[in-house]
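Those letters in the sequence shown? Residues 395 to 736, by the numbering used here.
Where is the CB? At the ideal position from N, CA and C, for every residue including glycine.
Predicted model only: the values in this text are computed from it and were never measured.
Below: the structure, in structure tokens.
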Amino acid sequence: MNVVLTLETTCDETAAAVVNERLEVLSSVVASQDALHERYRGVVPEIAARAHVERILPVVDEAVRQAGITLDDLTAIAVANTPGLAGSLLVGLVAAKTLCVALRKPLVAVNHLHAHVYACRVATGRDVFPCVGFIVSGGHTTLYRCHSPSDFVWLGGTIDDAAGEAFDKVASMLGLPYPGGPAISRAARDGDPRAYTLPRPFLKDDARLDFSFSGLKTAVRYAITGMGRCDFRTLHLPAQQVADLAASFQEAVVDCLVAKSLLALRRTGLERLCVGGGVAANQLLRERLTAATQQAGVELCIAPLELCTDNAVMGAIAVERLRAGATESLDLDIQPGLIRPK
Ligand code: KG4
Ligand code: ZN
Numbered sequence: 395m396n397v398v399l400t401l402e403t404t405c406d407e408t409a410a411a412v413v414n415e416r417l418e419v420l421s422s423v424v425a426s427q428d429a430l431h432e433r434y435r436g437v438v439p440e441i442a443a444r445a446h447v448e449r450i451l452p453v454v455d456e457a458v459r460q461a462g463i464t465l466d467d468l469t470a471i472a473v474a475n476t477p478g479l480a481g482s483l484l485v486g487l488v489a490a491k492t493l494c495v496a497l498r499k500p501l502v503a504v505n506h507l508h509a510h511v512y513a514c515r516v517a518t519g520r521d522v523f524p525c526v527g528f529i530v531s532g533g534h535t536t537l538y539r540c541h542s543p544s545d546f547v548w549l550g551g552t553i554d555d556a557a558g559e560a561f562d563k564v565a566s567m568l569g570l571p572y573p574g575g576p577a578i579s580r581a582a583r584d585g586d587p588r589a590y591t592l593p594r595p596f597l598k599d600d601a602r603l604d605f606s607f608s609g610l611k612t613a614v615r616y617a618i619t620g621m622g623r624c625d626f627r628t629l630h631l632p633a634q635q636v637a638d639l640a641a642s643f644q645e646a647v648v649d650c651l652v653a654k655s656l657l658a659l660r661r662t663g664l665e666r667l668c669v670g671g672g673v674a675a676n677q678l679l680r681e682r683l684t685a686a687t688q689q690a691g692v693e694l695c696i697a698p699l700e701l702c703t704d705n706a707v708m709g710a711i712a713v714e715r716l717r718a719g720a721t722e723s724l725d726l727d728i729q730p731g732l733i734r735p736k
């Protein structure tokens, strides 16, 4: 049976997993860099790349050890080579290629966004294709029509910030810790989501499957500071104002995410929505998507929390590519930008 080692270093998580052809997860190791980036309230690409260099080999060793196999037992090495931070991607790719050369194993390329959708396939243990795939993370807010694990068509996405990035930046303005998503959710519990009227770009525009969060972020800034300049580091907002802003912001983001994923389902006529990415851990988003898909009579698959945030288990999509004979030459390069197929 095919057994694949998958590597994931697209952003700030150094991860490796061992999965077999039946999509059984033999091991999964994730070394988070949150502590390194916390003081900057966002991922610093150079720090991320250097941390991957230090961690990738121990993480691979640990994944192989936990799987109870040796490197020789592997059929192939898979690595996410797109999209992501250039320096981070390079570390994973070089590690994967080196293992392939040393072990004489084939290399399999993984698209990180497709892998986020595939996390739903691994989690449910049954076929989830065709579906609308929705990736909501710190770097991406992207909708795909997914015919099969190898056939993804880009439907729409953010024209500026990703949803998670907006959570992180707004948390920073509110004096909340990094990563901002969980911190905003917690603060929002005591807040009134109607306290502030915030913009919901494209919400009523049924012609577009796009998102925009940078104006929403700016609107939060103006709600805090007015039009004037302000040093957020020295600002101490009353707890109720923080809670109300967090709740109002979260509500606006969730409204947009739910509306566009439902629009994508209507447009494509597909009857299943598969959601992945760190923001899919958001409880309000989960509840609203559950209610909206139930009402629309379509199926919802959201990966469990540990498979929503970046991990290497979702790289199990490599098993599909391997089965189809889609291995790569050692000339494989990174592709940091998002590929938008027509
Ligand atoms: O998928 P992920 O781990 O990394 C990327 O590929 O970006 O997503 C990280 C993002 C961060 O922006 C974080 O703030 C957000 O996911 N996030 C959340 C929640 N948990 C994590 N956003 C909203 N609500 C949450 N509960
Ligand atoms: Zn991701």
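Inter-residue Cα distance where the pair is residue i and residue j
| i | j | result |
| --- | --- | --- |
| alanine 560 | alanine 674 | 14 Å |
| alanine 697 | aspartate 467 | 29 Å |
| arginine 515 | valine 423 | 19 Å |
| leucine 501 | leucine 484 | 15 Å |
| arginine 498 | valine 473 | 16 Å |
| glutamate 418 | alanine 712 | 13 Å |
| lysine 736 | leucine 549 | Low per-residue confidence applies at lysine 736: pLDDT is 49, beneath 50, and the placement is therefore not dependable, though the value from the model is reported in the following sentence. About 9 Å. |
| proline 576 | isoleucine 450 | 26 Å |
| valine 775 | leucine 631 | Outside the modelled stretch of the chain, which goes from 395 to 736, sits residue 775, for which no answer is possible. |
| valine 648 | cysteine 702 | 16 Å |
| histidine 431 | alanine 442 | 8 Å |
| aspartate 727 | leucine 678 | 38 Å |
| glycine 620 | valine 692 | 43 Å |
| threonine 535 | aspartate 555 | 8 Å |
| alanine 457 | histidine 506 | 19 Å |
| leucine 597 | threonine 591 | 14 Å |
| serine 606 | alanine 489 | 36 Å |
| serine 542 | valine 522 | 9 Å |
| arginine 666 | alanine 706 | 24 Å |
| isoleucine 733 | methionine 567 | 32 Å |
| phenylalanine 546 | alanine 720 | 16 Å |
| alanine 718 | asparagine 414 | 15 Å |
| tyrosine 512 | serine 544 | 10 Å |
Contact check, residue i vs residue j, beta carbons under 9 Å
| i | j | result |
| --- | --- | --- |
| threonine 403 | glycine 519 | no |
| glutamine 644 | proline 587 | yes |
| glycine 731 | threonine 476 | yes |
| arginine 660 | alanine 503 | no |
| serine 655 | leucine 537 | yes |
| histidine 446 | serine 421 | no |
| alanine 646 | arginine 594 | yes |
| glycine 532 | leucine 603 | no |
| glycine 709 | leucine 401 | yes |
| alanine 582 | glycine 574 | no |
| lysine 563 | glycine 436 | yes |
| leucine 724 | cysteine 494 | yes |
| leucine 694 | leucine 683 | yes |
Collapsed DSSP secondary structure at residue i in the structure displayed
| i | result |
| --- | --- |
| alanine 470 | strand |
| isoleucine 733 | coil |
| phenylalanine 607 | coil |
| serine 566 | helix |
| alanine 544 | Residue identity differs from the one stated: residue 544 is serine in this sequence, not alanine. Of the three classes helix, strand and coil, the one that applies to serine 544 here is coil, per DSSP. |
| methionine 708 | helix |
| alanine 589 | coil |
| cysteine 494 | helix |
| valine 485 | helix |
| glycine 455 | Looking at the sequence provided, one finds aspartate at residue 455 rather than glycine. In the structure shown, aspartate 455 sits in a helix (DSSP, three-state: H, G or I). |
Counterpart residues of residue i in DSSP-defined beta bridges
| i | result |
| --- | --- |
| alanine 410 | Leu401, Val423 |
| isoleucine 476 | In the sequence as displayed, the identity of residue 476 is threonine instead of isoleucine. For threonine 476, which the question treats as bridged, DSSP gives the partners Asn505. |
| leucine 537 | Phe528, Gly550 |
| leucine 667 | Val526, Leu694 |
| glutamate 722 | Leu501 |
_3-residue-minimum beta strand (DSSP E) runs that sit fully inside the region 677-704, ordered along the chain_ = 693-696
_Residues passing the C-beta test against the ligand MG heavy atoms, cut-off 5 Å_ = The ligand MG is absent from the structure shown, which contains only the ligand KG4 and the ligand ZN.
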